[in-house]
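Those letters in the sequence shown? Residues 2 to 239, by the working numbering.
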Amino acid sequence: MRLDKLIEEQFHTPRKTMKRLFQTGQVYVDGKIERRPERNVEGALHRIVVQGKQLQTDDVYFLLNKPAGVVTANHDQQHPTVIDCLASADQRSDLYAVGRLDRDTEGLVLLTSNGQLGYALMHPEKAVTKCYDVIVNGCLTKTDQAAFAAGVVFHDGTTCLPAKLTILSAQEKRSQAIVQITEGKFHQVKKMFLSRGVKVIGLKRTAIGPLTLPKDLATGHYRKLTQKELESLVEYFH
Ligand code: URA
């Protein structure tokens, strides 16, 4: 969470006093004076000390194996949402999903109350790699691989960044592949294959940056990020 918000919550610090705390070097993160009020901090990753008192944060981080049929939203009139997948004790109004998956897409969703982390992970400049297992209704070839590597052009002329296509099996009416992309356009993977003349009939996200879908996390299940997984994201806290 934002460092100034944390201090305000814990010390009820007025705006003017807050400014002075930072200006006079009374805010420390990992032993160094921190001058940025907007700094994203996490008590499990950083040692946050203000006027000699160590502060803890209360953000949460969950990995969900999203089932098909569930929408990546906080509320929906018609369909269950990713928030509905959580036990009521874990549902918080400030939770949100980092990176949208279509309703029929399965797989890894990071749910967090730390909005700054989500923003950093999705920022185009960061070019975080997202991995998908894909099944399409046609035969993938080396030409498709080359087109992905060069940057697929959608039917509307939009050009994608270079992506990696690994073909696992290829038959006339069904191919399996792994796709790695570093951006997040609307329906991106489906549109990439459509522009190659095949339709995606199965899509599952298996990784977002250093986070991978745990093999033992059944569809529809979720768990907290482990300390190691949280540490793997440390470069996105800044
Ligand atoms: N690309 C898609 O087309 N759909 C998703 O859900 C994710 C990536």
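We put the beta carbon where it would ideally sit given N, CA and C, even for glycine.
Residue i CB to nearest heavy atom of the ligand URA below 7 Å
i: L214; result: no
i: V154; result: no
i: Q181; result: no
i: H188; result: yes
i: T82; result: no
i: K191; result: yes
i: L204; result: yes
i: T130; result: no
i: T207; result: no
i: D77; result: no
Opening and closing residue of the alpha helix (DSSP H) in which residue i lies
i: E107; result: Segment E107 to T113 is the beta strand (DSSP E) holding E107; no alpha helix (DSSP H) there.
i: I1; result: Only positions 2 to 239 of the chain appear in this structure, which leaves residue 1 out of reach.
i: V190; result: Q189 to L195
Identity of the residue in the options nearest residue i by Cα
i: R93; options: G100, V99 and I84; result: I84
i: K186; options: A178, L166, K205 and C161; result: C161
i: Q24; options: G210, V30, R37 and A98; result: R37
i: L46; options: Q52, G53 and V61; result: V61
i: V28; options: T106, N41 and G53; result: G53
Endpoints, the beta strand (DSSP E) within which residue i is located
i: G203; result: V201 to I209
i: A178; result: R175 to I182
i: T167; result: K165 to Q172
i: V42; result: Neither: V42 is in no beta strand (DSSP E) and is coded neither H nor E.
Practice task
Say whether the region 176-186 touches the region 148-168, bearing in mind that this needs 3 or more beta-carbon pairs closer than 8 Å, one atom from each stretch.
Solution key: Touching, per the Cβ criterion.
Practice task
Spell out a yes or no on whether the region 125-134 and the region 67-83 are touching, meaning 3 or more CB-CB pairs, one atom from each, closer than 8 Å.
Solution key: Put simply, the region 125-134 does not touch the region 67-83. Fewer than three CB pairs are less than 8 Å apart.
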